[in-house]
């Protein structure tokens, strides 16, 4: 693993938010490096800034100060259009509350990243390949028979697996998961963690945020977020 | 592609969308129906006025009239512009029905029926002599007696269905017209005495122009009789020359050329007796000549159009409110879309396209409903009258036939275009705000 290149690097990242008249400094110089193929877990108490760090790493938010590099490119210097493409092609997000589109079917939710990045004409030429990829993902995640169902017809664990499928649709280099089992019972949550382990064994780079040390132990490396800074804990 | 799928799903699944479509459809329906009826009524009225006067009128407002009209008509004939001309005398008289206790102040129009039929729609307005307008002033009852044609509303009542009960022949009525003839200076010809001019005519036909003021108050008599009745003997005068242009002559261009010819003609009569009467003459196209009749209706139409602009603003506001509510509910979706790489422009165009779809569907529904309603509007009015005795316009008072119901494609295109534009404008601000949302804000909000 130490031979693999670093694909994600955060240096001296600062981020604060305004809560009414108060300014809350969430990240105060966080540093993190993730190698290709690694499975890293970030743990910390509630409100420690774990999700904020994840959002900044994934380009969903911009840091006030510091550098986020992905494959050597500073995300702060990238234009909005390129950032959108980064979120579409390089990164996949899995959220605690699944965040599926209720109006779309399971298959369409998985296809969403592919549809977003293509025009109508582009979609017409590539939809067969996209459909095949989405169907394969659903099969791998055990959701093949549910492709035509709507999210409200699925259980929590099934919805989270759909979210994972969506995150993997465009074969991103990095998978970011924000408390992926936070809304699930332990058995279902273990099922999701098994999926992550399987993906990681196949070479997927994963950064997962959790408040539960027991869940974090599934990762190869654990870091903790304390006082807005990252501390290494080792595997 | 996702925009198309989401737009269709939002349209089908969201009940609030159905309300927005219904609101747009209702607004479009109202505008289509009212504009079609109003445009039809105004259009019909204008056409009736044009049919009544021809293309262009060389006229004076003075009841004295102007001389040398035959010479000018010769000039017009030689110009090659005209297909027909008709000199007329307009004046006012007291009509008395002989052996009946009926008197009425009327407007009289003296004309040559054959020439007038070639220049205007006069022949079509007649009933008994429609096919032979040159005999308009010869009553079937007595062709040798001088006849007069009355506006139809002066003698026949109009039913609630706008119908008249014509007889087989005109009623045998003798009428006396009494008038004060005027000399070339505008003074009564018999000044110093109580001389009035009186003539008796036999009622010969009805004239139905469809213009209430004409049909209720105008009596047509032969031109030479009118000149004897209303003017001092000697130099012949008329108050107007109606002109019909040839088909290849446009009205504005034709009117301008006639005006030029008139100025030249006036100049050539510089030394002629009573030449000063020529200075009161103007040359106007039919619309300008009848503006006192037409302008009020056009003003009403313009006011109505303005009111519909306000309806359009209301539609914009309704769509704004609906979209504000929809987008407030869709913040999570927006966050998800942005998290998978959708751009601000993409999100904006999703909701703009959604608004466009609402406008398009609502317009189509409203237009279809308007078309169906207009196709049956007269039947509906008839049913209401038969059932409840109610009419939108009382035909015994208003001189209209069927309610106009012909939809003009151009007008529909404008209405639909404006409805769609109103929806897009109404959705613009909420869509822009949605596009500007930071995904972290919307996704975070779902956690709390």
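Residue numbers (the numbering used here), protein chains in the order written: chain A, 2 to 236; chain B, 25 to 472.
Note that the Cβ used here is the ideal one computed from N, Cα and C, for glycine as well.
| Item | Value |
| --- | --- |
| Are residue 399 of chain B and residue 429 of chain B closer than 8 Å when you measure CB to CB? | yes |
| Going by DSSP, what residues sit across from residue 44 of chain B in a beta bridge? | None, per the DSSP bridge assignment. |
| Quick check: is the beta carbon of residue 364 of chain B nearer than 8 Å to any beta carbon in chain A? | yes |
| Which residues of chain B have a Cβ atom closer than 7 Å to the Cβ of residue 56 of chain A, listed in chain order? | 464 |
| Using the C-alpha atoms, what's the distance from residue 165 of chain B back to residue 196 of chain B? | 7 Å |
| Out of B/150, B/158, B/275, which one is the CA nearest neighbour of residue 74 of chain B? | B/275 |
| DSSP on residue 324 of chain B, reduced to helix/strand/coil? | helix |
| With 16 other CB atoms within 10 Å as the buried threshold, where does residue 440 of chain B fall? | buried |
| Is the Cβ of residue 88 of chain A closer than 8 Å to any Cβ of chain B? | yes |
| Determine which residues of the region 111-124 of chain A have a Cβ less than 7 Å from any Cβ of chain B, and write them out in chain order. | 113, 114, 116, 117, 118, 119, 121, 124 |
| On the CB-based measure, 16 or more other CB atoms within 10 Å of its CB, does residue 162 of chain B come out buried or exposed? | buried |
| Smallest Cα separation from residue 447 of chain B: which of B/433, B/354, B/378, B/393? | B/378 |
| For the candidate residues B/384, B/145, B/210, whose alpha-carbon lies nearest to that of residue 300 of chain B? | B/210 |
| Applying the 10 Å Cβ sphere with the 16-neighbour rule, what's the burial state of residue 168 of chain A? | buried |
| Along the chain, where does the beta strand (DSSP E) that runs through residue 246 of chain B open and close? | 242-246 |
| I'd like to know whether the C-beta atoms of residue 262 of chain B and residue 77 of chain B end up nearer to each other than 8 Å. | no |
| Could you spell out the range, first to last residue, of the alpha helix (DSSP H) harbouring residue 289 of chain B? | 275-292 |
| In chain B, which residues lie with their C-beta within 8 Å of the C-beta of residue 82 of chain A? | 367 |
| Using three-state DSSP, classify residue 370 of chain B as helix, strand or coil. | helix |
| Verify the contact flag: residue 125 of chain A, CB atom, against every heavy atom of the ligand FMN, threshold strictly below 7 Å. | Among the ligands in the structure shown, none appear at all, so the ligand FMN cannot be discussed. |
| Can you list, in chain order, the residues of its chain with a C-beta nearer than 8 Å to that of residue 136 of chain B? Leave out the 5 residues immediately preceding and following it. | 110, 111, 246, 247 |
| When you compare the CB positions of residue 238 of chain A and residue 14 of chain A, do they come within less than 8 Å of one another, or not? | In the structure displayed, chain A extends from 2 to 236; residue 238 of chain A sits before or after that span and is not available. |
| With 9 Å as the limit, tell me which residues of the region 60-71 of chain A have their beta carbon closer than that to any beta carbon of chain B; keep them in chain order. | 61, 62 |
| Please give the ranges of any alpha helix (DSSP H) in the region 37-64 of chain A, keeping only runs that are unbroken, at least 4 residues long and fully inside the region. | 51-58 |
| Out of B/119, B/325, B/221, B/287, point me to the one whose CA is closest to residue 207 of chain B's CA. | B/221 |
| Checking contacts by CB at 8 Å: is residue 105 of chain A closer than that to chain B? | yes |
| I want to know whether the region 31-48 of chain A touches the region 209-222 of chain A - three or more CB-CB distances under 8 Å. | yes |
| When the cut-off is 8 Å and only beta carbons count, does residue 96 of chain A lie next to chain B? | yes |
| Would the region 169-188 of chain B count as touching the region 222-236 of chain B if we require 3 or more Cβ pairs under 8 Å? | yes |
| In chain order, what residues of the same chain have a beta carbon less than 6 Å from the beta carbon of residue 409 of chain B, not counting five sequence neighbours either side? | 415 |
| On a CA-only basis, which of A/95, A/170, A/151 is nearest residue 184 of chain A? Give me that one, please. | A/95 |
| Between A/153, A/164, A/199, A/34, which lies nearest to residue 73 of chain A when the distance is taken from Cα to Cα? | A/34 |
| From residue 263 of chain A to residue 105 of chain A, what does the alpha carbon distance come to, in whole angstroms? | Nothing in the structure corresponds to residue 263 of chain A, since chain A is present only between 2 and 236. |
| Chain A partners of residue 351 of chain B, CB-CB under 9 Å? | Those do not exist, as residue 351 of chain B stays about 14 Å from chain A at its closest Cβ, beyond 9 Å. |
| Smallest Cα separation from residue 47 of chain A: which of A/230, A/226, A/232, A/233? | A/226 |
| Can you give me the C-alpha to C-alpha distance between residue 236 of chain A and residue 32 of chain A, rounded to a whole angstrom? | Caution is warranted here: a pLDDT of 42 is assigned to residue 236 of chain A, below 50, making its placement in the model unreliable, and the coordinate value is therefore given only provisionally. Answer to the nearest angstrom: the Cα atoms are 18 Å apart. |
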